[in-house]
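Residue numbers (my numbering): 89 to 222. Using N, Cα and C, we set each Cβ at its ideal position, and we do this for glycine too. Only a predicted model underlies this, so the values are computations on that prediction, with no experimental measurement involved. Structure, as structure tokens:
Laid out in structure tokens, this is it:
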């Protein structure tokens, strides 16, 4: 995350986002602090360097409001999947030797422009598999 001209690592980003969740920050105010513009399409905002930080804030806010429940991590197979089931699926694909392209196609992310990939329900799963495969 880049904030005030400073690059924050993942630990600092999580701390800052947590403080905004605790202080009751809204998606609009946090989005503005991160430099995302209101009124732009989701695809346009997805191109912004802080888009993933805003997505993380939204997940953290949901989890704080809903007593630890988690937003679905991905959608494939039988429907919505949590992070653990997704990790197990990806590990199985890695063991089976599935390519990043094949997993990306299965998840529906492969071949989409980057700004559409970043807003796809399976973006995080695809990104995780890409890192696992490397």
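query: Contact set for residue 170: own chain, Cβ-Cβ below 8 Å, skip 5 residues either direction; result: 158, 160, 161
query: Collapsed DSSP secondary structure at residue 188 in the structure displayed; result: helix
query: Endpoints, alpha helix (DSSP H) assigned at residue 119; result: 115 to 121
query: Coarse secondary structure for residue 167, derived from DSSP in three states; result: strand
query: Range covered by the alpha helix (DSSP H) that runs through residue 205; result: 202 to 205
query: Endpoints, the alpha helix (DSSP H) within which residue 132 is located; result: 130 to 134
query: C-beta atoms of residue 126 and residue 116 nearer than 8 Å; result: yes
query: C-alpha distance - residue 96 paired with residue 187, whole-angstrom precision; result: 32 Å
query: Reduced DSSP category for residue 159 - H, G, I as helix; E, B as strand; rest coil; result: coil
query: Beta-carbon gap between residue 134 and residue 101 smaller than 8 Å; result: no
query: Distance CB(residue 210)-CB(residue 199) smaller than 8 Å; result: no
query: Of the residues 177, 138, 129, the one placed nearest residue 93, counting alpha carbons only; result: 138
query: One or two residues paired with residue 90 in a DSSP bridge; result: 95
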